[in-house]
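Undergrad:
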Amino acid sequence: MRMPAHRVSQLTPQSLTTPATIPSARLFSSTLLSSPTRALPNQSLSSRTSSASTSFTPSISSLLPSQTRAFSATAALGVKRNTFRPSRRVQKRRSGFLTRNTDRKGRLIIIRRRLKGRRAMSW
Numbered sequence: 000m001r002m003p004a005h006r007v008s009q010l011t012p013q014s015l016t017t018p019a020t021i022p023s024a025r026l027f028s029s030t031l032l033s034s035p036t037r038a039l040p041n042q043s044l045s046s047r048t049s050s051a052s053t054s055f056t057p058s059i060s061s062l063l064p065s066q067t068r069a070f071s072a073t074a075a076l077g078v079k080r081n082t083f084r085p086s087r088r089v090q091k092r093r094s095g096f097l098t099r100n101t102d103r104k105g106r107l108i109i110i111r112r113r114l115k116g117r118r119a120m121s122w
């Protein structure tokens, strides 16, 4: 879409480079990480932490989700274990006769195996 001629005449090279007309290239998360990493030699550790915690605590705490579980409990949720130690007990629990009888697809497996003439319906 073209600008009208009277609007183009109002634009000057200085107005094109003002921060109001150019969108910021920095992401919001990068502003949170822009805190100083090196302390000045005359500052003590306690004064740095107290000033940093008072100035950034409301904005960071409002952005972070509240944690209800411990980190160690959340890290292993839904993750497959990298060890393979099979046992008959686990095999019977996962694909045994009683487990197959609990849902429709399991019952269909037992019926199919019975029709085929299998001696063992499942574990």
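Going by numbering that gives the first Met the number 0, the residue at position 12 of the sequence shown is 11; the numbering climbs one at a time, nothing skipped.
The beta carbon of each residue, even a glycine, is placed where N, CA and C say it ideally should be.
1. DSSP three-state label for F83, please.
2. Take F96 and list the residues in its own chain whose beta-carbon comes closer than 8 Å to its own, dropping the five residues that flank it on each side.
3. For K104 and S94, what's the separation of their Cα atoms in angstroms?
4. Would T101 and R92 be called neighbours here (beta carbons separated by less than 8 Å)?
5. Please classify R117: does DSSP put it in a helix, a strand, or coil?
6. What is the DSSP secondary structure of T98, reduced to helix, strand or coil?
TA: Judging by the given coordinates:
1. If you number the sequence shown from 1, residue 83 lands on position 84. For F83, the three-state secondary structure derived from DSSP is coil.
2. Walking along the sequence shown from the start, residue 96 turns up at place 97. I109, M120, S121, W122, listed in sequence order.
3. If you number the sequence shown from 1, residue 104 lands on position 105. If you number the sequence shown from 1, residue 94 lands on position 95. If I take the Cα positions, the gap works out to 12 Å.
4. Residue mapping note: residue 101 aligns to position 102 of the sequence shown, counting from 1. Residue mapping note: residue 92 aligns to position 93 of the sequence shown, counting from 1. No.
5. Residue mapping note: residue 117 aligns to position 118 of the sequence shown, counting from 1. Of the three classes helix, strand and coil, the one that applies to R117 here is coil, per DSSP.
6. Locating residue 98 in the sequence shown gives position 99, where the first residue counts as 1. In this structure, T98 counts as helix in the three-state DSSP scheme.
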